Every structure is written in C-alpha cells, then in structure tokens.
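Residue numbers (this note's numbering), protein chains in the order written: chain Y, 4 to 403; chain X, 550 to 850; chain E, 336 to 662. Using N, Cα and C, we set each Cβ at its ideal position, and we do this for glycine too. What you are looking at is a predicted structure, and each value in this text was computed from that prediction instead of being measured.
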Amino acid sequence: MKRSRIVLYLLIITSVALLPFVAMAQDEVATEDVQIGFWDECPAPENLPETVSIGAIFGLSGPISVYGGSQSQAVELALTEINESGYLGEGVTLVAITEDSAGDGEQAIAAMTKLVEEDQVVAVLGPTLSTEAFSADPVAQENGTSVMGVSNTAIGITDMGDYVFRDSLPESSVIPGTIAQATTILGLERVGVLYGNDDDFTLSGYDVFVQALEDNNIEIIGEETFARGDVDFNPQLTSLIAGEPDALVVSALAAEAVQIITQARALGYEGPIIGGNGLNSPAVLEQSGEASNGVIVGAAWNIANPAPLSVEFAMNFEEAYEAAPDQFAAQAYTGAWLYATAIRCADSVDRTEIRDALAAIQDFPSPLGLFSFAEDRNPIHDPVVQIAQDGKFAVLGAEE
Amino acid sequence: MDTLLQQVVNAISLGAIYSLFALGYSLVFSILGVLNLAHSAIFMSGAFFGVLAVNQLGTPLWLAFILAMVGAGLLSVTLEFVAFRPLRRRNAPRIAQLISSIGAAILIVNIGQLIFLQQFGRTEAYFPRELVSLDPIIIESLSIRIAPIRMIIVVVSLLLTILMQYLVGRTQIGQHMRAVAFNQQTAALLGINVSRIFVFAFFLAGVFGGAAGMFYGVVFLNVTPFIGEDVALIGLTAIVLGGMGSIQGAVLGGYLVAGLQVISVVLGGSSYRNAVVFLLLFAILLVRPQGLLGQSESTRA
Amino acid sequence: MDALINGLIEILKPIGITEPVFQFMLVNAILGVSIYLTLYCGLFSLANAGFMAIGAYVGVILTQSFDLPLFGALLGGMIAAGLIAIPIGIPTLRLRDIYLAIATIGFGEIVRIMILNFDDFVGSILTLVQGERVRFTLIEGARGIKGIPKLTESWHLILFLLILMFFLTRLHHSRLGRAMTAIRQDEIAAASMGINVVYVKNVVFIMSAILAGAAGVFSGHLTRIVTPQAFGFDKTVDILAFAVLGGTSTWFGPIVGGLVLTALPESLRFLKEYRGVFTGLVLLVVIVYLPGGLINTTSWSKFIRRFTNRPESPPDENSGHSTTRAN
Numbered sequence: 004m005k006r007s008r009i010v011l012y013l014l015i016i017t018s019v020a021l022l023p024f025v026a027m028a029q030d031e032v033a034t035e036d037v038q039i040g041f042w043d044e045c046p047a048p049e050n051l052p053e054t055v056s057i058g059a060i061f062g063l064s065g066p067i068s069v070y071g072g073s074q075s076q077a078v079e080l081a082l083t084e085i086n087e088s089g090y091l092g093e094g095v096t097l098v099a100i101t102e103d104s105a106g107d108g109e110q111a112i113a114a115m116t117k118l119v120e121e122d123q124v125v126a127v128l129g130p131t132l133s134t135e136a137f138s139a140d141p142v143a144q145e146n147g148t149s150v151m152g153v154s155n156t157a158i159g160i161t162d163m164g165d166y167v168f169r170d171s172l173p174e175s176s177v178i179p180g181t182i183a184q185a186t187t188i189l190g191l192e193r194v195g196v197l198y199g200n201d202d203d204f205t206l207s208g209y210d211v212f213v214q215a216l217e218d219n220n221i222e223i224i225g226e227e228t229f230a231r232g233d234v235d236f237n238p239q240l241t242s243l244i245a246g247e248p249d250a251l252v253v254s255a256l257a258a259e260a261v262q263i264i265t266q267a268r269a270l271g272y273e274g275p276i277i278g279g280n281g282l283n284s285p286a287v288l289e290q291s292g293e294a295s296n297g298v299i300v301g302a303a304w305n306i307a308n309p310a311p312l313s314v315e316f317a318m319n320f321e322e323a324y325e326a327a328p329d330q331f332a333a334q335a336y337t338g339a340w341l342y343a344t345a346i347r348c349a350d351s352v353d354r355t356e357i358r359d360a361l362a363a364i365q366d367f368p369s370p371l372g373l374f375s376f377a378e379d380r381n382p383i384h385d386p387v388v389q390i391a392q393d394g395k396f397a398v399l400g401a402e403e
Numbered sequence: 550m551d552t553l554l555q556q557v558v559n560a561i562s563l564g565a566i567y568s569l570f571a572l573g574y575s576l577v578f579s580i581l582g583v584l585n586l587a588h589s590a591i592f593m594s595g596a597f598f599g600v601l602a603v604n605q606l607g608t609p610l611w612l613a614f615i616l617a618m619v620g621a622g623l624l625s626v627t628l629e630f631v632a633f634r635p636l637r638r639r640n641a642p643r644i645a646q647l648i649s650s651i652g653a654a655i656l657i658v659n660i661g662q663l664i665f666l667q668q669f670g671r672t673e674a675y676f677p678r679e680l681v682s683l684d685p686i687i688i689e690s691l692s693i694r695i696a697p698i699r700m701i702i703v704v705v706s707l708l709l710t711i712l713m714q715y716l717v718g719r720t721q722i723g724q725h726m727r728a729v730a731f732n733q734q735t736a737a738l739l740g741i742n743v744s745r746i747f748v749f750a751f752f753l754a755g756v757f758g759g760a761a762g763m764f765y766g767v768v769f770l771n772v773t774p775f776i777g778e779d780v781a782l783i784g785l786t787a788i789v790l791g792g793m794g795s796i797q798g799a800v801l802g803g804y805l806v807a808g809l810q811v812i813s814v815v816l817g818g819s820s821y822r823n824a825v826v827f828l829l830l831f832a833i834l835l836v837r838p839q840g841l842l843g844q845s846e847s848t849r850a
Numbered sequence: 336m337d338a339l340i341n342g343l344i345e346i347l348k349p350i351g352i353t354e355p356v357f358q359f360m361l362v363n364a365i366l367g368v369s370i371y372l373t374l375y376c377g378l379f380s381l382a383n384a385g386f387m388a389i390g391a392y393v394g395v396i397l398t399q400s401f402d403l404p405l406f407g408a409l410l411g412g413m414i415a416a417g418l419i420a421i422p423i424g425i426p427t428l429r430l431r432d433i434y435l436a437i438a439t440i441g442f443g444e445i446v447r448i449m450i451l452n453f454d455d456f457v458g459s460i461l462t463l464v465q466g467e468r469v470r471f472t473l474i475e476g477a478r479g480i481k482g483i484p485k486l487t488e489s490w491h492l493i494l495f496l497l498i499l500m501f502f503l504t505r506l507h508h509s510r511l512g513r514a515m516t517a518i519r520q521d522e523i524a525a526a527s528m529g530i531n532v533v534y535v536k537n538v539v540f541i542m543s544a545i546l547a548g549a550a551g552v553f554s555g556h557l558t559r560i561v562t563p564q565a566f567g568f569d570k571t572v573d574i575l576a577f578a579v580l581g582g583t584s585t586w587f588g589p590i591v592g593g594l595v596l597t598a599l600p601e602s603l604r605f606l607k608e609y610r611g612v613f614t615g616l617v618l619l620v621v622i623v624y625l626p627g628g629l630i631n632t633t634s635w636s637k638f639i640r641r642f643t644n645r646p647e648s649p650p651d652e653n654s655g656h657s658t659t660r661a662n
C-alpha cells in the first residue's frame, strides 16, 4: 500500500517534470544561443561509465524543508536537462542520491558519510544550512570529495579545505553593494535595523549590514531582534519607526520578511525597506502585495532577472513544480550544472580530477549570470540590487 | 512617548492570539489534569484544514472556518482514542499521558509534512492575501493604528472565554465534565458516561484549537506544519502563569506574556524578551506553582 | 580496541550505521542515562538539553581558547554543568511532576537565550565601563563556535560508557541507589524511614546534569560546531524519547533507547519522506502499548498477550506498580 503510493507519487512527479522538457527540447533548437553548459569549451566525454552519481544533502523535513525541498526539485530539473541533452555523452546518465538532513548537523554528518564512503558518489551538493556545512563538509574534505554549498552564505565556508566550494554568494559580496547603491540613490543618513538573532543566516546578514552601514557613515538609530517562528513584529517596528529612520534594514528569512513588510506598512511606515538574500523570494512579493513597494533587495539571483538563461530556468521550474523558484533553487540548479560540467571537462569519475575541473570553471553561462570560481572557491558573479514596484522587482537606479 | 499607546495596542492584539491558543490547552487540562502537548499539532491542523478548504476546494471563509473547527475537533477525538484512552485504561500516571501527547504531536507533525508535500508540493501554504483586509484603522488623535482583524480576534477570544465558562459552569454536560475531572470513579458511580465526557471534552478542545489555528493562518497568511511548535512553548507559559485548569487564567496568562514581551521591547531589550517571560515563569512556579488564578492541586476540579 | 570497533562498524554498515552514526549513538546513550537518573528517582526534569549546552560550550571553549586536551575539557564541562545544577536544583526540585517539567523547560530556554546574547551582553557591559563601543566575541551567539577539531574518538565514548555502566551497577547496591528506589516508590514513606529526600533528589539531579554536560563535550567535538539552536526544546524531547523508548526500569533501557532511536532514522533512509512518520509511529506505539519500554519483560508479555487472546483487561489492573512507570 505504502510503497505503491510512493511509486505512484514518483511517477506523477517525474512525468510532470518531464513533460515540459519534451516540449522545451524543440524550442531549444530554435534558440540555440540560450543553451546552458560548456558545449564548446570541453569536448563530449568518452570515458564515463553509464551511470555517474553525485550526492545531494538538503533539509527535506522540518522547518527548513521549505528551502531544501525546492533545492532538491531544482537539482532534479537540472539532471533531467543534462541527461536529455546528452551533456555527458551518449548513454551516460547523471543521477543524484539525495539525502535529508532535517537542518541538523548530526544528520548532515551521517548523510555525508553515507554518500561519500558508502555510495561512493563523485561529488556532493549541499547541505542547505551553513551550520550543517560546518559539521559535514570536513567529512568530504577528508575523503577528497568535492562538496559545493548551494545556499551557504556564512563567512568561512570554503576555508574548510580545497575540496569545499560554494556557488552561493556570501552576504559579504551582496550587502555592501546594496547599501552603497541605496545610499547614493536614496541619500540614506539614519536607519533602523531589525534582525533575527537566533539564526545563523540572519545573524551573519546583520553582521555584514552593520559593517556596510559603518563604511557608508550611516547612523544606526535603533536595533531590534526577533526569534525564528515569530509572527508579530509590531512592538519592535513601533520602536524603530518612532525614531523616524530613512530606511529600515532587515535581515530575515522569507516567512518573517512578509510579516515585517506588511506590519511596517500597517504601522504607517512608508520608507524603503532594505534586505539581503532572505527577502529575495517570490513569496515575499506575492504575499505582501502593495506593501512590498519600496523593498530593496540585493541578491545573487532574482526571478525578474531578464537574462535568457535565467528566464528559461524560471519558466521550466514553474512548469514542472507549479511554484516560482527562489534564489536557493536557482543556485542548486546551477550547482548541478557546474558538477555536470566538471565531470564533462574532466572526462573521468576520479574525484580529484573532478575537483580540479570544477575549480577551473570560468565564465560559465548560468541563470546566475557568467559564473566563475575564485581562487578561494567562492563564487564570482554580479549580484543584482533591485527595488519592488507594483508587485514586481526592477533594477534599482536602472543603470545596469 | 506617543508610541506608548501604540505599544499597548500591540500588546493587546498579540495577547489575544496567545490566549486563543491557550484556551484549548487549558480546557483539556481542567478536565484531564493532563498537559496535552499535542494541542499545538491540533492548532496546526486547524490552520491546515482551513488553507486546504480555501485554496484547494475554493470554499468561502465561513465554511473554511467550520471545516477547520470540525476537522481539528475530530483529530483531537482521534488522539483521545489512540494516545490517551489506552493509558487511562491501565491507570498510567499523568506523566505517561504527557509523554504520549508528545509522541502524538511528533507523529501528527510528520504526517502533516507528508500531506503538505502532496497537497501543495512544499511544506508551506499561504492563505490568499485578499481574504481579510489588512488596512489599519487609524485613530489620528491618539496616533494609533489597529488592524481590524486583530481587534476581531480580541473580541472573539473574549467571547469564547465566556462561552467556555458558561459551558463548563452552567450546563449539565459541564457539570458532568467537572465531576469527571474531580474523580472518574465517583462520576461513573453517579451514572455519568465517563468515556463520552472525555470524547466531548477532546472534541471541544479540538474545536477551540482549530479555530485558533485558523485565525492565526488568516492573520499571518503563512501556514506550515510547524506553526504549532512555534507557539507551543509560549502557550504553555501562558497557561502556567495564569493557572493551569483555570479558563480565565489562560486568557490572563496570554495577555501577561504578550505584555511582558512588549515591555521588554519598549525598554530596549528585544533580545531578552523571551528570557524575561521564562524567568517570570520560573519565579511563579517557585512561589505559586498553581499559577496566578489557579486553585491548589487538592481542590482542582 | 580500534580493530574491534572497526570490525563492529563493518557489521553495522549494511543497516546504515557508519562510524559517525555509531558515535552519536553512544553520545545519545549517555544522554539517555542522564535523564534516566532523574526519572528513576521520580523527578520529571527536562533540563538535560540545557546542561548539555553548558557542557558543550564550556568544553569547546576549554579546548579552543585554553588549548586543553579533550580530557580536561570533559572534566571542565562536567564540573560546570554540575555546579550550575546546584542552584537550579535546590528551588525547583520541590515542584511535582508537571510543574517540575515546565520549570526545567523554562531553564533550558533561558540557557539557550543566554548563549544567544552572551557576547552582546558582555559587550554592552564593557561598553558602559570603558565608555566606547566594544565588540566582545567569545561564543558567537547564533553563529556558533566553528572549526572545532574532531577530538572525540569512538573508544573515548565506549570507555566512558563502560565506566558509567560500572558506576550504575554499583549505584544500585549503594545506600544512595536504595534511597532513590524508595523515593520513587513512595516519597513520604521514604522520608519517614529517615531518608533525606531533598538531599537525594539534589544529588541525583546534579549527577544527571554532569552526564548531560559530558555528552555535550563529546558532542561538540564530534559536530565541529556548537550552536544554541542544537540545544532547544526539540533536543529535550529527543532525550526524553531515548528513556521512554528504552524504558526506565533498568539503566540498560535508556542506553538501548539512545542507541536505537539514533540508528533508526539512519537505517530508515530508504523510506525517504516516510522516515519521520515511521519513527514517530514507533515511538507512539511503544509509549502506548509498551509502557515499560523496549527493555522490560513484563511490558512485552502484556503486549503479546494483548495481541494473542485479547483479554478484557480490567481498568484497575495492578499495572501502575509492577510495570515501570515513566516518572
């Protein structure tokens, strides 16, 4: 009974996932210039076995599953495309063994050990949280297996070793630019800061915000905190708004951001609200509606990005899963393509050769833009600073 | 100081949400003498049934409310049969029933995750934004702003308190409930169908929990399998502060917790606002374990 | 020793138990014993996650900032947890079942919030004293202390557990152990027999805290990062589940409970998204139908009888006493 239901469920998902690609495949021929991948730079590989396995560790249960779930979907999407297009050569299938870590460091370690030592995967994507990465990535490093964070934004992730990569821009590459640009355009002088202080992600965002505000000589007139799972921010917002700030700076995840934005507007605050990666989710715009006007986010990727590869990814994802992808999904999708490219260019399943090929990737065309790894295995690509207007994101200052 | 009034309004509207949650908690405790930690899962299920009705079935809001309340009520009765009755049968200590309720909560949240994935493709869902107006009522002279839905909740939670008081205090079934709470054997000797009273009490608590979850969902839009856990500890604190088993106590506790949190923010300590709440909880337990409005253990009924 | 452990893990690998999983199983077995001690004495205390956090942070700071070896950190973490247990235990242990549970949950939350804000708190005091803005960093709040070397080895844990088991068998035949049993059965009778109930309860509470602290030190040097998020209410519930699943009639129960409940989610990875439901179901079935836990013969025989000839069990069967109770 149970198993048959799982099978049925999987069948439905895969058929739904596959359908658009049958259609897309024909479209792609017409618009060759938007094809993702290193088709010309590396020749089609010849020495790969029939099945190449990569591992993926995402938070698929617990509160983190909102992010982990769409990451896992994005990886499936990428793999379908990679396999259908014959990117790794005729008859070679790239599969992902996906394990749940539930946002828990111990489970992330267990999952990483299983993937690297038992399943013998050639490389690993994930884990979802930075705190999990600090627990689990050393296991991959010790086993000489590449691990690529696709949503780890904390400081020091890639310092764990030469096999540790990430394609997620750390907050420190996004926020300073956001603040600098917002200061120039909006003439900020004094701001109020609201952040989650019991979460690694929102707290690292706060750290970088404070530094950036200091660098731009902006006065912080008040700092307030909240905790994960909070839904009512009126007390904190009332205090902050009373100081009449030029802008509110918010380091929060999507669910809290929606409440913060709507409640700030309901309290009569009309100025800009500046946020980092966490505010960059389609749900934020959808759920806060008109209240989102004037929300400024700096982020690695945004659904409004007009680049052809990005548009195509967003469209395919929506068709497959009936939900708009967020930035973490875009980064997971790109991560899977980056590994496929490393395997293609290495023409081998040797973990070290794949690592070297991965590190050598330069100017890879992806939904995130032209993507390269820096010397320290951190990502290099341009972040986007956007402002919400009438329920849509537009590039701030409209110069780029 | 013109934000002070606004902060009072904030505290009241936050307190209403807490006390709405605490009411159902308190009802089960007053009948069973057992902390039902699965109440947070019942709360979540109410919001879930509601969002399912509105989004997937397209029902109007009032019907969604009824579905949420009935659905949560039935789930609560199921819990009585699966997690509580077998333990009561063999006279298990009340701590065993508390543990059983934790187990039930874990199971429901896990099942919730599966159903969310099947229904919505991810572990969250949103009520449509247009469902209720979030435009605030502005009172210029006092410079305060009030969201109408939040005031509705304040009124509803007070009405429900009175209704529950009436039900337990003035009706025949309420008398039976109190008799069962006092002593099951004696109640049975008096010809009261004890099992039926338990089923009724659980159903009622489920209905209240479901309504609270539904309100929560409508106000904050976002529904996940974990929303119950987020309010569980605060709700627990509220009923302990107010007095376990006392219905007015639960409401008082809800406002007290909200008041403390808001005062901490006003004084510039938003990071410590929950620490303040738990410190007070600690202190109250040591000085007056039955809570502010609770009766002492031996006279509880 | 190493060869023995490696051989054992080779045997366990097919059911999903790799070396890290094995190590977490042992840590959780210690946690199971930690909560067992208080439960055995009739104390429904849920402070274990808080004491584990204290042990983990003190231990990690000792190895990272003071370059102590793991053994020194272990002692430090255990002493710190034990010392903090004294002022917490004296007032709270007077409370009865549910009230004690809630008070200790409150304690755990306060510990977590204190860790979150410790740096800011010290920073703002220093700012007041020195008159300029000072940024103090020691325990990093929610960012956690990162880059902790993996100092805990399997043999450390096995050795610790063996010593603990030896200690537990001795305890049961000691005066203290007999006093614990007496208090568990009837507190008032125990007091009238001349047992200093308050003293015994506090000693047990401190022992429980020391064990939780030790588990924290080991755990911090396994996960390589300690964050306050890891020691929330969820963790308390997990620890309680170890004791409940294994049963608290003997010290062997919570050890088995800790081992099984840690291994189970890993062994069940093939179930994918049904994994959590299955674990939850196992737990609930044991709570409801095996009240003495897995390690309890009377509860098993009742369980089997229930499904073989389905007797109409009268409600006032003597169960409350002979089968072990969870409190």
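Residue i versus residue j: straight-line alpha-carbon distance, rounded
i	j	result
V557 (chain X)	L835 (chain X)	29 Å
V25 (chain Y)	A323 (chain Y)	Bear in mind that a pLDDT of 42 at V25 (chain Y), under 50, signals an unreliable position, so the number given afterwards is only what the model happens to contain. So the alpha carbons of these two residues sit roughly 12 Å apart.
A590 (chain X)	I711 (chain X)	25 Å
F614 (chain X)	S207 (chain Y)	40 Å
M763 (chain X)	G573 (chain X)	13 Å
L486 (chain E)	S400 (chain E)	15 Å
T398 (chain E)	L405 (chain E)	7 Å
P23 (chain Y)	K348 (chain E)	Residue confidence is low: P23 (chain Y) scores 43 on pLDDT, short of 50, so the model does not pin down where it sits. No coordinate-derived value is stated.
L830 (chain X)	A807 (chain X)	13 Å
Beta-bridge partners of residue i, as assigned by DSSP
i	result
M151 (chain Y)	Y:L128 and Y:F168
K395 (chain Y)	Y:Q392
D103 (chain Y)	Y:F61
T96 (chain Y)	Y:T54
F376 (chain Y)	Y:P382
R193 (chain Y)	Y:E222
F367 (chain Y)	Y:F374
S254 (chain Y)	Y:Y198
I276 (chain Y)	Y:L251 and Y:V298
Y675 (chain X)	X:N771
Extent of the continuous alpha helix (DSSP H) to which residue i belongs
i	result
R447 (chain E)	D432 to Q465
E522 (chain E)	E522 to S527
F204 (chain Y)	D203 to D218
Y624 (chain E)	R610 to Y624
Y534 (chain E)	V532 to T558
Exposed unless 16 or more other CB atoms sit within 10 angstroms - verdict on residue i
i	result
Q734 (chain X)	exposed
S284 (chain Y)	buried
G665 (chain E)	Beyond the ends of chain E as shown, which are 336 and 662, falls residue 665 (chain E); an answer cannot be given.
P386 (chain Y)	buried
F598 (chain X)	buried
Legend entry - Contact the stretch 150 to 163 of chain Y vs the stretch 178 to 192 of chain Y: 3+ CB pairs below 8 Å: no
Legend entry - Any 3 or more C-beta pairs closer than 8 Å across the stretch 104 to 124 of chain Y and the stretch 138 to 148 of chain Y: yes
Legend entry - Cβ contact check for the stretch 164 to 179 of chain Y and the stretch 371 to 391 of chain Y: 3 or more pairs under 8 Å: As far as the Cβ criterion goes, the stretch 164 to 179 of chain Y touches the stretch 371 to 391 of chain Y, which means the pair count is three or higher.
Legend entry - the stretch 362 to 373 of chain E contacting the stretch 490 to 498 of chain E, beta-carbon criterion three pairs below 8 Å: yes
Inset, instruction - Say whether the stretch 46 to 66 of chain Y touches the stretch 94 to 106 of chain Y, bearing in mind that this needs 3 or more beta-carbon pairs closer than 8 Å, one atom from each stretch. - result: yes
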